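The structure under discussion appears below in the form of structure tokens.
Protein chains: 4
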Amino acid sequence: MNKAIGETNWVIPDGYIPPESSGSLLSHESICVLNCSAEDATLTISIYFEDRDPLSNITYVVPGQRTKHIRTSSLERDGEHIPTGVPYAIYIESDIPVVVQYSRLDSTQAENALMSTMGYPVRQA
Amino acid sequence: MNKAIGETNWVIPDGYIPPESSGSLLSHESICVLNCSAEDATLTISIYFEDRDPLSNITYVVPGQRTKHIRTSSLERDGEHIPTGVPYAIYIESDIPVVVQYSRLDSTQAENALMSTMGYPVRQA
Amino acid sequence: MNKAIGETNWVIPDGYIPPESSGSLLSHESICVLNCSAEDATLTISIYFEDRDPLSNITYVVPGQRTKHIRTSSLERDGEHIPTGVPYAIYIESDIPVVVQYSRLDSTQAENALMSTMGYPVRQA
Amino acid sequence: MNKAIGETNWVIPDGYIPPESSGSLLSHESICVLNCSAEDATLTISIYFEDRDPLSNITYVVPGQRTKHIRTSSLERDGEHIPTGVPYAIYIESDIPVVVQYSRLDSTQAENALMSTMGYPVRQA
């Protein structure tokens, strides 16, 4: 199995990096991408906010036949990161089909809470 | 990227505003909407109950190129809100395509619990 | 809005009724159904197990313009219920289109844990 | 109802076996499969990693008219298992249509956390 599978455009409306952690696990979000193809997938990520213009053109490469579980806190463009404690949304465009899932671990209140959903695949008109 | 993407009609069958909170985080639900278009998206929201007629025609505007994470407790029509502690369902109609995700934080029992799912996109016949 | 929307056949592979509860909330699962039509929707539910034949033909009515958040522990046929502590799967057939979401609250370990997902809509060939 | 329903190819990008447990429940993941057909479904599972080649051709049989909630820690090929504490992704190919959901229970921090999502069904071109 080394064909590209999935879709090229994915949306995750509920982005949020919890500003606090406690206990042994760090609060974080992950964008989990599977690239089944033999070639690299180059992602172009845009971050949408509630009250300002998007932060666009963040790039990230997922090698062929690999998965990457990308911490959203690690994404940056020209030194700008996604702020913590702020509601935002994620748009991902890949140059080849991939599959995207989103998960969040929140350890604000000592014990951890988890949520996960597949990204929403945008089918091109 | 400033075209409208997604769908215009979305359903979330499992709505519930937890009546109690404890610890540092407030129990709440969010309807997270991404509007990638350059224009405003006007949402018309209907709330369905187990034992009475729907509360319809709640409106909410998501500006162009913005996301809104809408607390369901903030929705109202003529002063009427969604009651807490009552199972309900959500129907969202938007005048242009958007993407909708639903998340709930429940902090009834001291530590927080999270759940999330994409809305169900209704494809028009 | 009073047309029937959604699909008639839905699957939830991960059913499980936690056998224990602690704290103020009871461990439970809900099948959350929205019936936007003006007519009743009659559901026919089948329960599949790991090691025995299915429990079929459980019926449940969701009135028109209503949602029902059905506790799986309340489902029965001829006095037979879904056992607790046993992995199972759910197949729902409705006579008119509806939308189905599945959620579980687990309070085995004092604090509550939540999970939710849309059902899987089976498109008829 | 004993026809095969669902899809033959499913993806779960966010695989992770938590290395630690505490309290009364064991941290684990499950791949929950429903086979509505009268015949066996033979699954061929591939595991993708962040930094090495995939572990392919793990097989698993789900009997007809049964569900299996497969612990990922139980999967093996030639004695090789999925390591704990490592991000990975799952690709499932079935010889007949099935429906796949993924759930994780994390009990690292004393209380349990749950997440669940339907698998991503790959529609064949």
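Protein chains in written order, with the numbering used here: chain A, 4 to 128; chain B, 4 to 128; chain C, 4 to 128; chain D, 4 to 128.
Every residue, glycine too, gets a C-beta built ideally from N, C-alpha and C.
No experiment lies behind these values; they were computed from the predicted model shown.
Sequence-distant residues of its chain with Cβ nearer than 6 Å to residue i (five each side left out)
i, result
"Ser24/D", "Ser30, Ser110"
"Pro90/B", "Tyr19, Glu53"
"Pro16/D", "Ala92"
"Thr45/B", "Val64, Asp98"
"Ser106/B", "Ser33, Ser119"
"Pro66/B", "Asp43"
"Val36/A", "Val65, Lys71, Val101, Val103"
"Pro22/D", "Thr87, Gly88"
"Ser40/B", "Ala7, Gly67, Ile99"
Element boundaries [beta strand (DSSP E), containing residue i]
i, result
"Arg107/A", "91-109"
"Pro3/A", "Nothing about residue 3/A can be reported from this structure: the residues present for chain A run from 4 to 128 only."
"Ala116/B", "116-121"
Residue environment, residue i, which counts as buried when at least 16 other CB atoms sit within 10 Å
i, result
"Arg74/A", "exposed"
"Gly122/D", "buried"
"Lys6/A", "exposed"
"Arg69/B", "buried"
Cβ-based neighbour list, residue i, same chain, cut-off 7 Å, excluding 5 preceding and 5 following
i, result
"Leu108/A", "Leu28, Ser30, His31, Asn115, Leu117"
"Arg80/B", "Leu58, Asn60, Ile61"
"Gly138/C", "Lying outside 4 to 128, the shown extent of chain C, residue 138/C is not represented and no answer is given."
Supposed contact pair residue j and residue i - C-beta distance, whole angstroms, cut 8 Å
i, j, result
"Pro100/C", "Glu42/C", "With 8 Å as the limit, Pro100/C and Glu42/C do not qualify as a contact, their Cβ atoms being about 11 Å apart."
"Asn38/B", "Val125/B", "So it is not a contact: roughly 18 Å between Cβ atoms."
"Ile48/B", "Ile8/B", "Going by Cβ atoms, the distance from Ile48/B to Ile8/B rounds to 20 Å, so no, they are not a contact pair."
Neighbourhood of residue i by C-beta, 8 Å cutoff - its chain only, sequence neighbours within 5 removed
i, result
"Ile85/A", "Gly18, Ile20, Ile50, Leu58, Thr75, Ser76, Leu78, Tyr91"
"Arg55/A", "none"
- Query: Whole beta strand (DSSP E) runs in the region 33-69 of chain A with 3 or more residues, listed along the chain?
  - Reply: 44-52, 58-65
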